[in-house]
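*Asks:*
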Amino acid sequence: MRQLQLRTDKMLAHVEDGVGWITFNQPNKRNAVSLAMWQAIPEIIEYFAGSDEVRVVVLKGSGDKAFVSGADISEFEEVRNTPEQVEIYEAATGAANFALKSLEKPLIAMIRGFCIGGGMAIALTADLRVTADDGQFGVPAAKLGLGYGYGGIKELMNIVGPSFAKEIFFTGGRFSAADAETMGLVNRVVPVDELEALVTSLATTIAENAPMTVKAAKAAINEGTKNPDERELDLVAVMVEACFNSEDYKEGRRAFMEKRKPEFQGK
Numbered sequence: 112m113r114q115l116q117l118r119t120d121k122m123l124a125h126v127e128d129g130v131g132w133i134t135f136n137q138p139n140k141r142n143a144v145s146l147a148m149w150q151a152i153p154e155i156i157e158y159f160a161g162s163d164e165v166r167v168v169v170l171k172g173s174g175d176k177a178f179v180s181g182a183d184i185s186e187f188e189e190v191r192n193t194p195e196q197v198e199i200y201e202a203a204t205g206a207a208n209f210a211l212k213s214l215e216k217p218l219i220a221m222i223r224g225f226c227i228g229g230g231m232a233i234a235l236t237a238d239l240r241v242t243a244d245d246g247q248f249g250v251p252a253a254k255l256g257l258g259y260g261y262g263g264i265k266e267l268m269n270i271v272g273p274s275f276a277k278e279i280f281f282t283g284g285r286f287s288a289a290d291a292e293t294m295g296l297v298n299r300v301v302p303v304d305e306l307e308a309l310v311t312s313l314a315t316t317i318a319e320n321a322p323m324t325v326k327a328a329k330a331a332i333n334e335g336t337k338n339p340d341e342r343e344l345d346l347v348a349v350m351v352e353a354c355f356n357s358e359d360y361k362e363g364r365r366a367f368m369e370k371r372k373p374e375f376q377g378k
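Going by this note's numbering, the first residue of the sequence shown is number 112, and it counts up by one from there.
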């Protein structure tokens, strides 16, 4: 297991068996995200994105109470009190979300307990969301008088559709894991004691597949969620062509004919 050295102990990151694990580590505050935590995310993602060892990334929260309960409001007087501080803070959150959304490798959110507000926004950057049956979801903006921009709402709408997105935002309420599954917000709900094993198995399965194929599939699906005039279909075509010209494609064919498990190298 390879542990990354970060500038804050409130974020943890390590690599194990082809999977990069990112842990929000502030359990005493239900893993509310501080400025230092936001700032650490791009650093972690940059490392994982550039590592051939990492094929899948998993997001999780420390402890058993929360995935992420939102931003750490308790530090706002200290780090978000002046216009200059607000600018720095917004830049940090923007960079973190951009890094997560831009990751070309599969990203899985492993959710326990609270996944609220900013926590749900983080979960929405993932390609797959798996929750324990104690998961709680919601965006309480309407109860706080906050406005949500088009980008954030569109991310949710792409996943749950307009009607459920309206219910989530209009009510500002909490939704159970079962509700989230019904809405399509999560891929599946499992008992608490099965969560980590299932996510690890899912991540390992993906990591064993051809990385270039998975990358191309993610790109194609992501382009499909964009407005037609924003889609970069030529980029997807190049990635698909690269798959056909890859050593992994040759290995996949050989393994199929030899009735053995393929050993993909990502090239």
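Glycine included, C-beta positions come from ideal geometry on N, C-alpha and C.
Taking Cβ to Cβ, would you say Ala288 is nearer than 8 Å to Asp244?
*Replies:* Yes, Cβ-Cβ distance for Ala288 and Asp244 is below 8 Å.
*Asks:* Can you tell me where the beta strand (DSSP E) holding Glu127 begins and where it ends?
*Replies:* Where Glu127 is concerned, the enclosing beta strand (DSSP E) stretches over 122-127.
*Asks:* CB-CB under 6 Å to Ile317, same chain, minus the five flanking residues each way: which ones, in chain order?
*Replies:* Excluding sequence neighbours, Ile317 sits near Val167, Pro217.
*Asks:* At which residue ranges does the stretch 284-345 contain complete alpha helix (DSSP H) runs of 4 or more residues, listed in the order of the chain?
*Replies:* Here the runs fully enclosed are 288-294, 306-318, 322-335.
*Asks:* What separation, rounded to the nearest whole angstrom, lies between the Cα atoms of Ala321 and Ala253?
*Replies:* Answer to the nearest angstrom: the Cα atoms are 44 Å apart.
*Asks:* Report the rounded CA-to-CA distance for Gln150 versus Ala207, giving the unit in angstroms.
*Replies:* About 7 Å.
*Asks:* Near Met350, what residues of its chain come up, given a Cβ to Cβ distance below 6 Å and the 5 sequence neighbours on each side ignored?
*Replies:* Cβ within range, chain order: Ala327, Ala330.
*Asks:* Please report the Cβ distance between Asn165 and Gly131, rounded to the nearest whole angstrom; I am assuming they are in contact, meaning their Cβ atoms lie under 8 Å.
*Replies:* A small fix is needed here, since residue 165 is Val in this sequence, not Asn. Between Gly131 and Val165 the Cβ distance is about 4 Å, and since that is below 8 Å, they are a contact.
*Asks:* Can you find the residues in the same chain that come closer than 6 Å, C-beta to C-beta, to Arg299, ignoring five residues on each side of it along the sequence?
*Replies:* Once the five neighbours on either side are set aside, the close Cβ partners of Arg299 are Val241.
*Asks:* Could you tell me which of Phe375, Arg371, Ile156 sits nearest to Tyr360, measuring between CA atoms?
*Replies:* For Tyr360, the nearest C-alpha among the options comes from Phe375.
*Asks:* Beta strand (DSSP E) containing Lys171: first to last residue?
*Replies:* Run containing Lys171: 167-172, per the beta strand (DSSP E) assignment.
*Asks:* Can you tell me whether Leu267 is buried or exposed, with buried defined as 16 or more other CB within 10 angstroms of its CB?
*Replies:* When all chains shown are included, Leu267 counts as buried.
*Asks:* Roughly how many angstroms separate the alpha carbons of Phe281 and Ala234, rounded to a whole number?
*Replies:* Using only the alpha carbons, I get a separation of about 20 Å.
*Asks:* Judging by CA-CA distance, which residue of Glu278, Lys337, Ile222, Arg371 is the nearest neighbour of Val301?
*Replies:* Ranking Glu278, Lys337, Ile222, Arg371 by Cα distance to Val301 puts Ile222 first.
*Asks:* What does the alpha-carbon distance come out to for the pair Gln196 and Gln116?
*Replies:* Rounded to the nearest angstrom, the two C-alpha atoms are 26 Å apart.
*Asks:* Quick one: what does DSSP say Arg371 is sitting in, helix, strand or coil?
*Replies:* In the structure shown, Arg371 sits in coil (DSSP, three-state: anything other than H, G, I, E or B).
*Asks:* Could you tell me which whole beta strand (DSSP E) segments of length 3 or greater appear in the stretch 200-251?
*Replies:* Entirely contained in the stretch 200-251, the beta strand (DSSP E) runs reaching 3 residues are, in chain order, 218-222, 225-227, 239-243, 247-249.
*Asks:* For Ala314, which option in Tyr158, Asp238, Ile156 has the closest C-alpha, if you only look at C-alpha atoms?
*Replies:* Minimum Cα distance to Ala314 is reached at Asp238.
*Asks:* Evaluate Asp175 with the Cβ neighbour count: other Cβ atoms within 10 Å of its Cβ, from every protein chain shown; 16 or more gives buried, anything less gives exposed.
*Replies:* Classification for Asp175: exposed.
*Asks:* Please look up how many angstroms separate the CB atoms of Gly377 and Asp163, rounded, as I've assumed it's under 8 Å.
*Replies:* Right, the Cβ-Cβ distance comes to about 6 Å (below 8 Å), so this counts as a contact.
*Asks:* Could you give the first and the last residue of the continuous beta strand (DSSP E) run that contains Val179?
*Replies:* Here the beta strand (DSSP E) through Val179 covers 177-179.
*Asks:* Would you tell me roughly how many angstroms separate the C-alpha atoms of Glu201 and Gly363, rounded to the nearest one?
*Replies:* C-alpha separation (whole angstroms): 45 Å.
*Asks:* Work out the CA separation of Ala366 and Leu225 for me, nearest whole Å.
*Replies:* Note on identity: in this sequence residue 225 is Phe, with Leu being the wrong assignment. Those two C-alpha atoms are separated by around 44 Å.
*Asks:* For Gln114, count neighbouring Cβ atoms within 10 angstroms of its own Cβ and tell me buried if that reaches 16, exposed if not.
*Replies:* That one is exposed.
*Asks:* Between the alpha carbons of Gly256 and Gly283, how many angstroms are there, rounded?
*Replies:* Rounded to whole angstroms, Gly256 to Gly283 spans 10 Å at the Cα level.
*Asks:* Give the range of the beta strand (DSSP E) segment to which Val144 is assigned.
*Replies:* No beta strand (DSSP E) holds Val144; DSSP gives it neither H nor E.
*Asks:* Pop quiz: Ala182 and Ala143 are said to be a contact at Cβ under 8 Å. What is the actual Cβ separation, rounded to whole angstroms?
*Replies:* About 6 Å separates the two Cβ atoms, so the contact holds.
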